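Oh and the sequence shown: position 177 is 176 in numbering that gives the first Met the number 0, straight run, nothing missing.
Where is the CB? At the ideal position from N, CA and C, for every residue including glycine.
Since the model is a prediction, treat every value here as computed from it, not as a measurement.
Read the structure below first, then the notes.
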Amino acid sequence: MSSGGAGAAPAGGGAGAGVARMGGEGAAAVVAPGAGAAVGAPALAPPALVALEGVAEREGEIVATVRIDARVRGEDGGAHGQGGECAEGRERLQSRVVLVKAGAGVTRNELEAAVLSPPVVAWLQQMVAGNGLLGAQGGCDGAKCALNGITVQSVDMFGSKKVGFVKFKADVVDVATGAKLPGIVFARGPAVGIFMLLRAVQAGGDGQAHSHTDYVVLTEQARVPVGRVLLEMPAGMLDGNHGEFVGTAAKEVKEETGITVRHDHLINLTAFLGPSTGQQMLPSPGGCDEGILLFLYRATVSAARIARLQGRQTGLRHEGELIKVHVRPLSSIWRQSADCKVLAAVALYQNALREGLLMDEFPPLEEEDGGSSGGE
């Protein structure tokens with residue numbers, strides 16, 4: 000279940016968004032704790048409340064009215080109200096109303112589902128966060144950009160009720176110049192990837208020291224968007240609450256490689272990034288909202304285990320996936336995979352080792368029966 004693959008689990012917005020009816024037909028509120036603050040908003044302000052106030056027809060168009068309530072605060076402690084004034088030492092509630100139109104072929108139900116979907120809610124929350132395009136980061140200068148409206152162009156559902164992908168066009172302009180910013184967004188939500196390293200230890204003979212080779216576990220999958228087969232990092236879409244993505248990632252690895260991963264052996268490589276980055280990798284920010292968390296898994300195995308993993312077929316056939324597992328030397332993987340997750344993980348891993356943020360530790364591989372394979 001790789002990121003972007005057929006049958007990938009739907010995005011969960013990384014926050015486990017909840018929906019509560021507010022009164023009135025089509026009115027609802029969505030709160031996704033942590034989504035707005037995850038990218039390092041000043042003073043760690045709570046995420047905005049995104050509310051769907053109603054859906055109606057206007058001049059032949061289906062239009063949703065969305066209200067965004069955000070608590071805003073400048074880095075200097077000044078809060079920004081609707082008029083942009085500062086009030087030292089306190090936050091202030093700032094409300095915005097955004098009209099979201101249904102594009103050609105998008106139904107009323109699809110429009111409402113899209114507005115309430117975790118990826119769109121998280122996008123709106125980030126837009127109004129302290130460091131967002133509509134935020135007021137730094138002093139009391141006011142917002143950098145303005146959001147004049149959104150047009151939902153397509154909605155892809157995972158099953159009958161879950162929104163998978165939403166493509167929309169946001170009308171965003173630079174406040175100072177009035178220039179329009181490129182605003183086409185493919186919203187899919189966050190994902191996780193596991194950088195799986197296996198150390199094959201070989202005993203030395205005649206008093207020689209043990210030697211070892213580090214390998215990377217990759218999956219081979221056909222990718223229709225690029226028209227070819229790729230070697231990739233095991234990955235998947237988030238589909239649980241904010242605190243459950245580690246378990247989801249471990250499940251993905253087991254499905255794709257047959258290896259059971261212990262949760263306490265996962266290390267978040269993207270956590271080594273600075274707070275201003277959001278501590279996630281953005282593979283295509285020019286058109287997609289996807290942010291990827293990269294986790295490191297390390298284990299010691301025998302050379303025989305490496306041989307068995309080579310060419311192993313895994314995957315969930317009922318979801319249309321057929322995945323082949325490859326095990327490649329870590330030393331050469333940077334030249335063998337075009338997957339940005341792999342390339343980013345190699346850089347993060349090697350730099351973390353060099354700077355002493357990681358120890359060179361490879362525990363024995365945990366088997367499902369509780370044993371280990373380190374001495375196979």
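Smallest Cα separation from Leu132: which of Gly59, Ser153, Val172 and Arg187?
If we check each option's Cα against that of Leu132, Val172 comes out closest.
Assuming contact is defined by CB atoms lying nearer than 8 Å, are Ile67 and Arg95 in contact in what I supplied?
Going by C-beta atoms, Ile67 is nearer than 8 Å to Arg95.
Rounded to whole angstroms, what's the CA-CA distance from His325 to Glu219? Just pull it up for me.
About 7 Å.
Which one of Thr256, Phe271, His211 and Thr276 has the shortest CA to CA distance from Arg307?
Of Thr256, Phe271, His211 and Thr276, the residue nearest in Cα terms is Thr256.
Report the partner residues of Ser330 according to the DSSP bridge assignment.
Ser330 pairs with nothing; no bridge assigned.
List the whole-angstrom C-beta distance separating Ile193 from Pro233, where the pair is believed to meet the contact cut-off of C-beta under 8 Å.
Right, their Cβ atoms sit about 5 Å apart.
Beta-carbon within less than 7 Å of Leu165's beta-carbon, same chain only, minus the 5 sequence neighbours each way: which residues are those?
For clarity, residue 165 is Val in the given sequence; the question names Leu instead. Only Ala113, Ser116, Pro118, Val119, Val151, Val154 and Ala186 meet the Cβ criterion.
Which whole-angstrom value is the C-beta distance of Gln335 and Leu268, which I expect to be below 8 Å?
Going by Cβ atoms, the distance from Gln335 to Leu268 rounds to 19 Å, so no, they are not a contact pair.
Determine the direct distance from the alpha carbon of Val105 to that of Leu356, and round the result to whole angstroms.
Answer to the nearest angstrom: the Cα atoms are 49 Å apart.
Taking Ser330 as the reference, which of Val216, Ser275 and His262 has the closest Cα?
Of the listed residues, the one whose Cα sits closest to Ser330 is Val216.
Look up Gln152 in the DSSP assignment and say whether it is helix, strand or coil.
Of the three classes helix, strand and coil, the one that applies to Gln152 here is strand, per DSSP.
Quick check: what's the CA-CA separation for Arg107 versus Gln125?
Each residue's Cα considered, the two are about 25 Å apart.
Mapping DSSP to helix, strand and coil, what is Arg20?
With a pLDDT of only 32 at Arg20, under the threshold of 50, the placement of this residue in the model should not be trusted; the figure read from the coordinates follows. Looking at Arg20 - three-state DSSP - the assignment turns out to be strand.
Could you please give me the residues that DSSP links to Phe185 through a beta bridge?
According to DSSP, Phe185 bridges with Lys166 and Cys287.
Would you say the beta carbon of Cys144 comes nearer than 7 Å to a heavy atom of the ligand PLP?
Among the components of this structure there are no ligands whatsoever, and the ligand PLP is therefore not found.
Taking C-beta to C-beta, are Phe181 and Gly290 nearer than 8 Å?
Reading off the sequence, residue 181 comes out as Pro, not Phe. Cβ atoms of Pro181 and Gly290: not closer than 8 Å.
Between Val191, Ser210, Ala351 and Glu109, which lies nearest to Ser159 when the distance is taken from Cα to Cα?
Residue Glu109 is the option with its Cα nearest to Ser159.
Using 10 angstroms around the beta-carbon of Gln93, count the other beta-carbons present and answer buried if the total reaches 16, otherwise exposed.
Buried, since its Cβ has 16 or more Cβ neighbours within 10 Å.
For Ile149, I'd like the list of residues in its chain whose CB is within less than 6 Å of its CB, leaving aside the five on either flank, ordered along the chain.
Answer for Ile149: Val99, Phe167 and Ala169, listed in chain order.
Please report the residue range of the beta strand (DSSP E) in which Leu98 lies.
Segment Arg91 to Ala101, the beta strand (DSSP E) holding Leu98.
Buried or exposed for Asp359, please, with buried defined as at least 16 other CB atoms from any protein chain shown within 10 angstroms of its CB.
It counts as exposed.
So which of Trp122, Val260 and Val174 has the shortest CA-CA distance to Gly286?
The shortest C-alpha separation from Gly286 is found at Trp122.
Cα-Cα, which of Ala221, Gly102, Gly59 and Ala302 is closest to Ile183?
Measuring from the Cα of Ile183, the nearest candidate turns out to be Gly102.
Considering only residues of the same chain and omitting the five flanking positions on each side of Leu281, which have a CB-CB separation below 8 Å?
Excluding residues within five positions, the ones whose Cβ falls inside 8 Å are Glu289, Gly290 and Ile291.
Which two residues bound the contiguous beta strand (DSSP E) that contains Ile258?
Segment: none, Ile258 is in no beta strand (DSSP E) and carries neither H nor E.
Quick check on the burial criterion: 16 or more other C-beta atoms within 10 angstroms. Buried or exposed for Lys179?
Classification for Lys179: exposed.
Using beta carbons (cut-off 8 Å, strictly below), is Pro328 in contact with chain E?
Checking the listed chains, one finds no chain E in this structure; it contains a single protein chain.
Expressed to the nearest angstrom, what Euclidean distance is found between the alpha-carbon atoms of Ser275 and Ile332?
Taking the straight line joining both Cα atoms gives about 29 Å.
Residue range of the beta strand (DSSP E) that Gln309 falls in?
First-last for Gln309: undefined, no H or E at that position.
By how many angstroms is the C-alpha of Lys253 removed from the C-alpha of Pro362?
Looking at the two C-alpha atoms, the distance is approximately 18 Å.
Helix, strand or coil, according to DSSP, for Val119 in the structure here?
If DSSP states are grouped into helix, strand and coil, Val119 belongs with the helices.
Quick one: measure Cβ to Cβ for Pro328 and Thr212, integer angstroms, because I've assumed they're closer than 8 Å.
The pair is a contact, with the Cβ atoms about 6 Å apart (cut-off 8 Å).
If you draw a straight line from the alpha carbon of Pro45 to that of Gly134, how long is it in whole angstroms?
If you take the alpha carbons of Pro45 and Gly134, they lie about 13 Å apart.
Compare the Cα-Cα distances from Ser128 to each of Val260, Ser210 and Val71 and report the closest residue.
According to the sequence provided, residue 128 is Ala. The question's Ser does not apply to it. The shortest C-alpha separation from Ala128 is found at Val71.
Where does Pro363 sit, in a helix, a strand or coil, going by DSSP?
In the structure shown, Pro363 sits in a strand (DSSP, three-state: E or B).
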